Structures are given as structure tokens and as C-alpha cells.
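Residue numbers (my numbering): 201 to 291.
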């Protein structure tokens with residue numbers, strides 16, 4: 201995508217809701233991921249005395265496993281249906 205097209209998209213009114221929804225979704229996903237990893241680390245060490253070196257990768261992989269399992273299905277759905285309707289349904 202050229203810089204001229206990207207700048208022209210920012211000026212369009214219908215682009216802002218999609219940009220905000222995408223940005224907030226990415227922020228929420230990352231915030232929740234890091235919060236869960238932090239909670240698992242501190243709770244496992246303080247309550248059970250477990251080794252956090254094993255539990256942190258397990259907690260982090262809990263977020264990547266659905267990506268591997270459902271990415272092909274999500275791609276088929278995204279190709280089949282209108283993206284704006286899918287975004288409204290998902291959010």
C-alpha cells in the first residue's frame with residue numbers, strides 16, 4: 201500500500217470505527233495476556249511454591265493455541281462473508 205493511499209484512508213469517516221475497533225481489540229488481547237501471565241507467575245510461586253519457569257510458557261501458549269487451531273476456519277469465514285458485518289458481529 202502506498203503512503204498516499206494510507207493517508208487518504210485516515211481522512212475517511214468510515215475508516216475510524218474500524219481503526220478504533222482493531223486497536224482496542226489488539227490492546228485488550230495483549231493486556232489480558234500479560235495480566236494472566238503475571239498473575240499465574242506470582243500466584244504459582246506464592247501459593248504453591250511451584251517453579252514459574254514452567255508455568256509461564258504454559259500460560260502464554262494458552263493464547264497461541266487457538267490461533268493454530270482456528271486460523272484456517274476463520275480465514276474461510278472471512279472470505280465467505282462481508283467483513284464489515286463480521287466485524288460488527290464479533291465486536
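Backbone N, C-alpha and C fix where the C-beta goes; we use that ideal spot for every residue, glycine too. All figures in this text were calculated on a predicted structure; none of them were measured in a lab.
Check	Outcome
Quick one: Cα of residue 220 to Cα of residue 250, how far?	40 Å
Classify residue 237: buried if its beta carbon has 16 or more other beta carbons within 10 angstroms, exposed otherwise.	buried
Using CA atoms only, rank isn't needed, just tell me which of 212, 209, 233, 282 is closest to residue 263.	233
Could you spell out where the alpha helix (DSSP H) holding residue 232 opens and where it closes?	215 to 243
Once DSSP output is grouped into helix, strand and coil, what is the label at residue 250?	coil
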